[in-house]
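Beneath this line is the structure, given in structure tokens, with notes to follow.
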Amino acid sequence: MSEEKIYDLIIVGGGPAGLSAAIYASRAKLDTLVLEKNFVGGQMANTDIIENYPGFPDGVSGSDLVSRMEEQAEKFGAEIDFADIEGIEVDGAVKRLRTSEGDYLSRALIIATGTEQRKLGVKGEAEFTGRGVSYCAVCDGAFYTDKVIAVVGGGNSAVEEAVYLTNFASKVYLIHRRDSLRAEKLLQERLFANEKIEVVWNSVVTEIKGDKFVEAVSIKNLLSGEVKDLAVSGVFVYVGVVPNSQVFRGVLELDEWGYIRTNEEMETSVDGVFAAGDVRTSVLKQVITAAAEGAIAATFAEKYVREQVYFDQNISSGKRVVVVYSSITDEGREIVKCMSELEASNVIAIDGYKNSRISKKLNVEKFSAVRIFDNGKEVFSKDGVAVHEIVNMLKEQGIV
Ligand SMILES: Cc1cc2nc3c(=O)[nH]c(=O)nc-3n(C[C@H](O)[C@H](O)[C@H](O)COP(=O)(O)OP(=O)(O)OC[C@H]3O[C@@H](n4cnc5c(N)ncnc54)[C@H](O)[C@@H]3O)c2cc1C
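Under our numbering, the first residue of the sequence shown carries the number 9, and numbering increases by one thereafter.
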């Protein structure tokens, strides 16, 4: 990693949202880097079979889909590197990422850091993590061959993983706090048809016990108040997720649950910073939506970078006049005609109607607007200027 290098786009997170963004951005010829803190693929890499991603009627293994997306992104030139993002500085045109491996710079950012499993927060959970407590059935399931285990939760992930774990375990308790499951009906049918699974209703885990490894879970029945121990060798926790957005708190606007707010173009509250996938406020958190949002974010990040680069390059040296007009007005069309007739190389005419970001950047309140830059510094500014005034102004300034 070079301190000086400025990427067009850095994507934080190498899950399906990040990889899909990388495919779109690198195919659009943006100099693109994906930064991932763990392993490429995100939660998708930890999923045994994905049955609802279009194009795979027999399902596709999560790791297979990861490899295909990664290969596709790299084929178009995206780089993938490993670093944990610890902070971002986003004030200027160049964004700075502070990471475990040093600083990285880029013109635009896409945050695709996803979510992580919510912890139970009970005694023994932290102590036995990696020694019987797990948040990843695909990673750790095989360690529990012929053992009795517990899965905690009642949503899609808990039910899907409970069924998956019966490939290894001799018995799986599904411990759920309510008297019905939130999971999709199809998944529930599979669960209830599986003789290795016993659902423990209306119950919560109060403690995870053991010596060197997990030996039991204490559960409390919420209706009767009864507390008892179940002898298990492993506990898989699927009680919801929390967004990986802590490092962006105070920089990007988050919703009340900590998800990053964006508009439909995946723009966050900060210019040039986009978000996609499970980490953003959205109604469906799946591989297909993460991939789609990555594509949208990359498309608008590309537009942002091109406008930014074009603009910065054109005003950075000498005296430059920027005329911002609206192409949907007669006057705007007259300006275009007039500018092409004047053939002044140091006059930049920008359609502010189509390039709203540049209008915003130049604080244009009324078309047509004139800004004059001297070596990148704005030295003159006027809004609501008529065509003949612009021409006179250019003549007075000795520009035409
Ligand atoms: C058990 C389980 C089963 C599932 N089954 C299905 C299914 O069958 N079908 C389906 O469509 N969806 C399924 N999903 C949901 C799906 O996996 C997610 O919706 C999808 O992976 C979200 O993609 P993402 O790219 O937004 O985030 P993630 O996949 O979470 O990827 C985010 C990435 O960002 C990285 N990251 C986080 N913080 C940082 C940081 N500070 N610096 C650098 N990198 C960072 C993470 O390490 C991770 O690799 C399942 C999820 C789970 C947990």
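Heads up, the beta-carbon is just placed ideally off N, CA and C, and yes, glycines get one too.
Every value quoted in this text rests on a predicted model; they were computed, and no experiment measured them.
query	result
Separation of E44 from S10, as counted between CA atoms	Because the pLDDT of S10 is 49, which lies under 50, any placement of that residue in the model is unreliable, and the number read from its coordinates should be weighed accordingly. Each residue's Cα considered, the two are about 17 Å apart.
heavy atom of ligand 1 below 6 Å from A25 C-beta	yes
Collapsed DSSP secondary structure at T297 in the structure displayed	helix
Where Y32 sits in the DSSP three-state scheme	helix
S69 - DSSP class collapsed to helix/strand/coil	strand
Check: M401 C-beta below 6 Å from any heavy atom of ligand 3	Ligand 3 is not among the ligands present in this structure, which contains only ligand 1.
Ordered list of beta strand (DSSP E) runs contained in the segment 39-64, each at least 3 residues	40-44
Whole-angstrom distance between A145 and L230, CA atom to CA atom	27 Å
Three-state secondary structure (DSSP) of V393	coil
Extent of the continuous alpha helix (DSSP H) run through K193	193-201
Length at least 4, wholly inside the segment 315-359: the alpha helix (DSSP H) runs in chain order	338-350
Secondary structure of E234, DSSP reduced to three states	coil
Heavy atom of ligand 1 within 6 Å of Q51 beta-carbon	yes
For V408, the nearest candidate out of S165, A53, A352 (CA to CA)	A352
Inter-residue CB distance, F319 and E275 (contact presumed, cutoff 8 Å)	About 17 Å separates the two Cβ atoms, so there is no contact after all.
V243 - containing beta strand (DSSP E), residue span	242-245
Distance cut-off 6 Å: S165 Cβ against heavy atoms of ligand 1	yes
Candidates N175, A284, I19, V212: closest to T107 by CA position	I19
Contacting residues, own chain, Cβ-Cβ under 7 Å from V355 (five flanking each side not counted)	V329, V331, M347, L402, I407
I366 - containing alpha helix (DSSP H), residue span	364-369
8 Å CB neighbourhood of A239 in its chain, flanking five on each side removed	V156, E223, A224
Assigned exposure category for I31 - 16 Cβ within 10 Å defines buried	buried
contact_flag[the segment 252-262, the segment 156-174] where n(CB pairs < 8 Å) is 3 or more	no
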